[in-house]
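Contents: one structure, followed by commentary.
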Amino acid sequence: MFERDTEIYLDRDALREDYQPERLVGRDTELERYKTALQPVINGEQPNNIFLYGKTGVGKTAGTRFLLDHLVDDAAQYDDLDLTVKILNCDGLSTSYQIAIHLVNKFRPEAEQISTTGYPRSTVYEMLWDELDRYGGTILIVLDEVDHIDDDSILYQLPRARANGKLEEAKIGIIGISNDFSFRDDLSPKVKSSLCEEELQFPAYDAQELFEILQQRANVAFREDVVDTSVIRLCAAYGAKDAGDARQSLDLLMKAGDLAREAETDSITEDLVREARDVLERGRIREGISGLTQHGHLVLYALVTLDQQEETPVRSRDIRPRYMSFAEQVGIKPLVPRRMRDHLGELSMLGIVTAIERNEGRRGGTYREYAVDMDIDLILTALEETVEEVGIHESVLSLVEQDRTLSEYT
Ligand code: ADP
Ligand code: MG
């Protein structure tokens with residue numbers, strides 16, 4: 000029943016996010032600065048704490064792994080330097096307590112792991128100091144995606160552990176990586192000053208940089224003559240236009256490869272790239288919309304109907320009556336205006352809605368107007384349940400009917 004297909008890919012995994020490329024392209028300046036910030040480690044001095052930020056997919060994790068691999072290799076030639084590097088991804092961990100437990104376990108052998116509940120926080124911290132001192136030497140702790148944590152106790156405790164007499168042997172350095180720059184602004188001043196000794200920023204990639212990244216991976220991933228330069232250029236151009244995110248561009252190339260495989264052709268065409276982009280975009284919207292709360296759905300539905308009546312861009316207070324009547328129809332209490340605006344903010348963060356900043360004329364204030372920034376059909380499909388519950392608004396009647404007829408035939 001199953002048979003290997005080998006027409007398209009040599010090594011599909013090379014397009015996956017966890018593949019570590021041998022060389023990083025287009026990040027020379029940033030990596031040079033990063034390297035400088037890490038120099039004290041090789042000198043055997045107290046490491047700097049480093050805060051690295053940039054949007055998703057700009058090479059923060061890959062760049063960190065790349066430099067730290069080299070650092071560990073190069074440290075081996077100095078007999079008086081005993082370097083340990085531990086990388087913890089904080090995705091899924093929301094408190095300092097959980098981080099501390101996971102760190103303890105990173106330093107402990109399999110048989111001595113502790114469970115993730117049941118210990119008082121102070122006990123866990125004591126365990127952590129014990130482990131760190133047991134290792135001794137220089138220890139770099141990378142907290143990747145650190146913006147997932149809600150309290151910054153660990154970010155205060157770790158950098159100060161030595162000064163506070165908790166550690167005698169170990170010299171530790173923290174590298175905090177965040178997708179979200181506002182995370183830094185929200186830190187308490189004392190944490191900020193210790194964690195952000197060295198601040199590094201990775202900017203988004205432009206089309207040329209994405210092209211080089213994709214080219215490098217395509218050489219490993221695909222058979223000869225499967226992708227030509229124009230196809231890679233197109234993926235890079237889309238990537239630069241969307242977010243300058245290498246992960247997203249690699250996903251696009253992989254999706255196009257998968258479509259080519261499905262279609263049993265032997266090369267990836269530009270049309271397949273466009274189709275792949277469409278498929279991925281639909282997936283992203285569906286996921287984004289399904290993650291919203293019911294109020295988010297109602298706000299979006301209200302905005303969609305206003306869009307169909309050509310009343311957008313529209314202010315939040317003018318979306319409100321429609322939203323309120325929808326809320327009434329499904330029998331829930333509408334949110335206060337501020338909370339309703341939060342939902343518009345979230346929709347614009349997801350790229351489903353645009354928010355346009357306007358000036359209030361002579362009085363000087365500013366306000367926002369909102370418009371839909373996505374294919375309406377896509378949104379309506381994702382909002383199917385909401386539309387069902389609220390009822391089909393007359394402004395979208397023809398669209399919804401059309402969708403239904405279509406889906407009956409396909
Ligand atoms: P971030 O951590 O900033 O979200 P990643 O480091 O995970 O982003 O990068 C996303 C993907 O893009 C990974 O597969 C990574 O290998 C690749 N990548 C990012 N930057 C580069 C680069 N400069 N050269 C080669 N590959 C890169
Ligand atoms: Mg990352």
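Note that numbering that gives the first Met the number 0 has the sequence shown beginning at 0, numbered continuously upward.
Beta carbons: idealized from backbone N, C-alpha and C, even for Gly.
Per DSSP, glutamine 207 is one residue of the alpha helix (DSSP H) stretching across 206-220.
Here the alpha carbon of alanine 36 sits roughly 51 Å from the alpha carbon of glutamate 383.
If you look at glutamate 356, you'll find it in the beta strand (DSSP E) that goes 352-358. Comparing alpha carbon positions, the residue from Ile355, Tyr134 and Leu213 closest to tyrosine 369 is Ile355. Here valine 278 has Lys254 as same chain residues with Cβ atoms under 7 Å from its own Cβ, once five neighbours each way along the sequence are excluded.
Around the beta carbon of alanine 381, a 10 Å sphere encloses 16 or more other beta carbons of the protein chains shown; the residue is thus reported as buried.
Take glutamine 112, set aside five residues on each side of it, and the residues of its chain with a beta-carbon closer than 6 Å to its own are Asn104, in chain order.
Taking asparagine 88 as the centre and dropping the five residues before and after it, the same chain places the C-beta of Asp143 and Glu144 closer than 6 Å to its C-beta, in chain order.
In the DSSP assignment, valine 371 forms a beta bridge with Val352.
In this structure, the C-beta of aspartate 68 stays at least 7 Å away from each heavy atom of ligand 2.
The residue from Glu198, Asn218 and Asp244 with its alpha-carbon nearest to that of tyrosine 52 is Glu198. Minimum Cα-Cα distance from glutamine 247 among the listed residues Asp270, Glu263 and Leu213 corresponds to Leu213.
With respect to the C-alpha of leucine 343, the residue from Gly360, Arg361 and Gln293 having the closest C-alpha is Gln293. Beta-carbon to beta-carbon, alanine 160 and tryptophan 128 are separated by about 6 Å, close enough to satisfy the 8 Å threshold. For serine 177, the secondary structure class from DSSP, reduced to helix, strand or coil, is strand.
Note on asparagine 48: 16 or more other CB atoms within 10 angstroms of its CB, so buried under the neighbour-count rule.
Under the Cβ criterion (8 Å, minimum of three pairs), the stretch 206-223 does not count as touching the stretch 318-333. With contact defined as three or more Cβ pairs closer than 8 Å, the stretch 285-304 and the stretch 370-379 are in contact.
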